[in-house]
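**Q** For reference, the structure I am asking about is given below.
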Ligand SMILES: Nc1ncnc2c1ncn2[C@@H]1O[C@H](COP(=O)(O)OP(=O)(O)OP(=O)(O)O)[C@@H](O)[C@H]1O
Ligand SMILES: [Mg+2]
């Protein structure tokens with residue numbers, strides 16, 4: 072199969088250390104290499120953890136702007152109040168705390184590339200500024216009336232369906248068309264077949280080299296379990312799982328049972344089932360799944376009990392409890408209360424359940440991705 076991959080693509084893979092030979096991944100790399108020398112906007116789509124961040128790098132490094140700046144901006148992680156200033160800069164005194172003028176990324180990266188990650192999270196006002204700079208190269212610093220110009224290539228990425236965001240009025244249609252001149256889709260890991268095994272081997276080898284531990288190998292059954300798992304957190308999750316296995320099982324051959332132990336159960340009812348039982352051992356696998364499920368339910372129940380207990384202690388009056396119930400989770404008035412610990416645990420567990428996939432975790436917690444980032448920062452979750 073490797074023989075059919077053009078030399079140029081192999082070089083890109085080697086330079087950026089991209090693992091995988093699946094046709095959909097190779098097609099995505101080919102598109103990035105083809106569009107790199109042509110100054111069009113590119114939109115990279117695909118689920119969280121799938122490897123979208125390689126693509127703006129390919130486009131920058133293999134295009135004419137490679138000697139200019141490359142700036143990656145995570146639009147979901149910047150608070151709404153400061154995002155315009157981060158991107159476009161501000162004048163001194165333009166808002167409280169603007170003690171001096173500041174250049175934004177669009178000025179700093181002039182001549183280069185800006186990667187707008189999680190672009191769906193941009194507030195509508197910022198979307199308007201972005202459209203203007205994309206169409207005319209013009210922008211205004213916050214608090215300034217002097218038009219400035221810049222020459223930036225934009226590569227944007229998203230793990231949400233932007234057409235849906237457009238239909239719901241959360242994303243400007245004109246901006247969507249402007250950004251998505253060329254689309255590159257990074258497929259979910261689950262659809263990449265044997266790439267899963269190649270990646271697992273690579274991550275296991277990297278770990279043992281980095282930490283000088285004895286390498287692990289995978290039994291055929293363990294490989295089958297990996298191939299059947301749905302990997303909601305994609306490559307990021309696979310790396311986490313393999314790092315853990317490489318640490319705790321160093322020097323051994325990983326059995327199917329060990330592998331199943333390391334794969335978190337996906338309890339999002341909308342998600343596809345976690346794993347199909349192996350035909351030779353279905354009863355055993357089913358029993359294991361049920362046990363895992365019972366254990367995690369027990370954890371949930373004790374956590375709920377703990378939370379209710381704490382809420383009652385903190386807020387003896389019923390109206391307090393009602394107030395807590397009426398306020399959306401992300402605006403809880405008890406931000407610095409002992410609830411923090413359980414909130415932290417809830418967020419960590421939800422993230423783990425979704426393999427670090429922030430979008431799925433935010434959906435399950437019924438908060439926005441931006442709020443999830445903020446909470447993670449506040450609670451010290453990496
Ligand atoms: N094909 C691959 N080969 C090697 N490493 C990969 C591959 N795909 C992804 N990774 C690694 O997996 C991790 C997650 O990838 P990346 O950060 O690009 O995900 P993403 O699609 O940008 O996710 P998100 O939407 O959450 O930002 C990174 O550490 C990346 O290096
Ligand atoms: Mg990313």
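Residue numbers (the numbering used here): 72 to 453.
Built from N, CA and C at the ideal position, the CB exists for glycine as well.
1. Along the beta strand (DSSP E) that carries residue 247, what are the first and last residues, could you check?
2. Candidates 168, 250, 211, 207: which alpha carbon is nearest residue 193's?
3. With C-beta atoms as the reference, is residue 191 less than 8 angstroms away from residue 143?
4. Under DSSP, the alpha helix (DSSP H) around residue 298 begins and ends at which residues?
5. Could you check whether the region 113-126 touches the region 244-259, counting it as contact only if at least three pairs of C-beta atoms, one from each stretch, sit closer than 8 angstroms?
6. For residue 252 versus residue 439, is the C-beta spacing smaller than 8 angstroms?
7. So who's on the other strand from residue 220, going by DSSP bridges?
8. For residue 186, verify whether its CB is less than 7 angstroms away from any heavy atom of ligand 4.
9. Using 7 angstroms as the cut-off, classify the Cβ of residue 125 as near or not near the heavy atoms of ligand 1, replying yes or no.
10. Tell me the rounded alpha-carbon separation between residue 306 and residue 122.
11. What residues are listed by DSSP as bridge partners for residue 254?
12. How many angstroms separate the CA atom of residue 231 from the CA atom of residue 430?
13. Mark residue 278 as exposed unless 16 or more other C-beta atoms lie within 10 angstroms of its C-beta, in which case mark it buried.
14. Any chance you could list the alpha helix (DSSP H) runs of at least 4 consecutive residues sitting entirely within the region 172-198, in chain order?
15. Quick one: residues in its chain with C-beta nearer than 8 angstroms to the C-beta of residue 149, no 5 flanking neighbours on either side, listed in chain order?
16. Quick one: Cα of residue 276 to Cα of residue 210, how far?
**A** Reading it off the structure:
1. Element bounds for residue 247: not the beta strand (DSSP E) but the alpha helix (DSSP H), 244-250.
2. 250
3. Taking 8 angstroms as the Cβ cut-off, residue 191 and residue 143 do not qualify as a contacting pair.
4. 291-299
5. Yes, they touch.
6. no
7. BP columns for residue 220 point to 209.
8. Within the structure as shown, ligand 4 is missing, the only ligands being ligand 1 and ligand 2.
9. Checking the 7 angstroms criterion, the Cβ of residue 125 is within range of a heavy atom belonging to ligand 1.
10. 7 angstroms
11. 114
12. It is roughly 8 angstroms from the alpha-carbon of residue 231 to the alpha-carbon of residue 430.
13. buried
14. For the region 172-198, whole alpha helix (DSSP H) runs of length 4 or above, ordered along the chain, are 176-179.
15. 157
16. 47 angstroms
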